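The structure appears right after this line, and notes come after that.
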Amino acid sequence: MSKLTSNEIWRAAVLGYWEGLDLQQAKQGQLTGVKDTGNRAAVTGGKQMDAMQEVFAMLWRGDPEIELEVRTTGHNNLPAYFRPAKNWDLLVLYRGSLIAAMEFKSQRGPSFGNNFNNRTEEALGLAADSQMAVERGLFGRLKPWFGFIMLVERAPKSLAPVAVPRNMPFPADPVFTGASYIERYRIFFERMVVEGNYDAVALVTAKGGDSDFVEPSVGLSLANLEAAIRSRIEYIKALPDDVFDVLTEPG
145 MSKLTSNEIW RAAVLGYWEG LDLQQAKQGQ LTGVKDTGNR AAVTGGKQMD
195 AMQEVFAMLW RGDPEIELEV RTTGHNNLPA YFRPAKNWDL LVLYRGSLIA
245 AMEFKSQRGP SFGNNFNNRT EEALGLAADS QMAVERGLFG RLKPWFGFIM
295 LVERAPKSLA PVAVPRNMPF PADPVFTGAS YIERYRIFFE RMVVEGNYDA
345 VALVTAKGGD SDFVEPSVGL SLANLEAAIR SRIEYIKALP DDVFDVLTEP
395 G
């Protein structure tokens, strides 16, 4: 399997995020006549991560020895445990069966505190719902591979130390002392991977409008996520078709 991505491709995907924000901010409200104020007009559009999604879709489709179906648009619903279904950003299927699902999220300032809580709660809830669905056999015996991509704006407020709440009945984990919001994301996602909530995660940070990016953790790097995807593809290729069919039988 040849190497598909490069630093230039990842930079273009990051730049596409900012350009997508600008486009959404310009277009949002044209149909309804109601436009969100400030940066909310950009982040409520929902299309700003399309460039990043397309790079990963190319990666999943990049092996000529296996034909994988990749879905990035429309309704990509999967069964869940605490609710009927969850619509994922990217699905990968082989022989009609699910082998991977990915979610793409982002955060731009200025309100880093509220949005950090919202994004981590979303990622926690998705992981809990999906893992319970796996344990209850809703995906057959072949566990889907779950990936998560988070892009955060590098800004003074996301890089500055954040105070930990005081007067709690029990002290906070010392690892959070003096940590910025970006460092909190690093701790959060590193722990989510270690605990098996996601198979691989990429945490990418960049200044607004800039294609240059910084990865706070090697274990949460785009290269690491790309390697994990390639490993998943190799595993699926190595399964004989009859074994794959038995593993993906419903119920």
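In case it helps, our numbering puts the sequence shown at residues 145 to 395. Using N, Cα and C, we set each Cβ at its ideal position, and we do this for glycine too. As the structure is a computational prediction, the values presented were derived from the model and not from experiment.
Alpha helix (DSSP H) containing GLY257: first to last residue? Element bounds for GLY257: 256-279.
Report the rounded CA-to-CA distance for ARG374 versus VAL338, giving the unit in angstroms. 19 Å
What's the C-alpha gap between LYS287 and ARG328? 29 Å
If ALA344 and ALA372 are in contact, beta carbons under 8 Å, what's the gap, nearest whole angstrom? 4 Å
What residue from ASP354, PHE332, ASP385 and GLY352 has the CA that sits closest to GLY363's CA? Considering only alpha carbons, the answer is PHE332.
Mind checking which residues open and close the alpha helix (DSSP H) that includes VAL301? The identity of residue 301 in the sequence shown is Lys, whereas the question assumes Val. That run of the alpha helix (DSSP H) goes 300-303.
Pull up the distance between the alpha-carbon of GLY164 and that of GLN197, whole angstroms please. Taking the straight line joining both Cα atoms gives about 12 Å.
Pick out whichever of TRP154, ASN261 and TRP162 has its Cα sitting closest to the Cα of ASP354. In terms of Cα proximity to ASP354, the closest of TRP154, ASN261 and TRP162 is TRP162.
Let me make sure I understand the geometry here. Which of ASP385, GLY352 and ASP389 has the alpha-carbon closest to that of GLN251? GLY352
In chain order, what residues of the same chain lie with their CB nearer than 8 Å to the CB of ASN221, ignoring the 5 residues before and after it? ALA229, LYS230, ASN231 and TRP232
Are GLU398 and PHE283 close, meaning C-beta to C-beta below 7 Å? An answer regarding residue 398 cannot be provided, because it is not within the stretch 145 to 395 covered by the chain.
Excluding the five sequence neighbours on either side, which residues of its own chain have a C-beta within less than 7 Å of the C-beta of SER324, listed in chain order? Scanning its chain for C-beta atoms nearer than 7 Å, with the 5 sequence neighbours on each side dropped, one finds around SER324 the residues SER302, LEU303, ALA304, PRO305 and VAL306, in chain order.
For the candidate residues PHE290, LEU347 and ILE243, whose alpha-carbon lies nearest to that of TYR379? Looking at the Cα atoms, ILE243 is the closest of the given residues.
Please report the straight-line C-alpha distance between PRO384 and SER241, rounded to a whole angstrom. 14 Å
State the DSSP-derived secondary structure class of ARG215, mapped to helix, strand or coil. strand
Cβ neighbour criterion (16 or more within 10 Å) applied to THR217: Counting C-beta atoms within 10 angstroms of its own C-beta, THR217 has fewer than 16 neighbours from the protein chains shown and is therefore classed as exposed.
With distances taken from CA atoms, which of THR321, PRO394 and ARG155 is nearest GLY281? PRO394
State buried or exposed for LEU366, treating a residue as buried only when at least 16 other CB atoms are found within 10 Å of its CB. buried
DSSP three-state label for LYS191, please. coil
Going by other Cβ atoms of all chains shown within 10 Å of its Cβ, with 16 needed for buried, is SER150 buried or exposed? exposed
6 Å CB neighbourhood of GLY322 in its chain, flanking five on each side removed: PRO305
ALA201 versus VAL348: straight-line alpha-carbon distance, rounded: Near 18 Å, if we compare the C-alpha coordinates of VAL348 and ALA201.
For the candidate residues VAL387, THR392 and GLU334, whose alpha-carbon lies nearest to that of ASN368? GLU334
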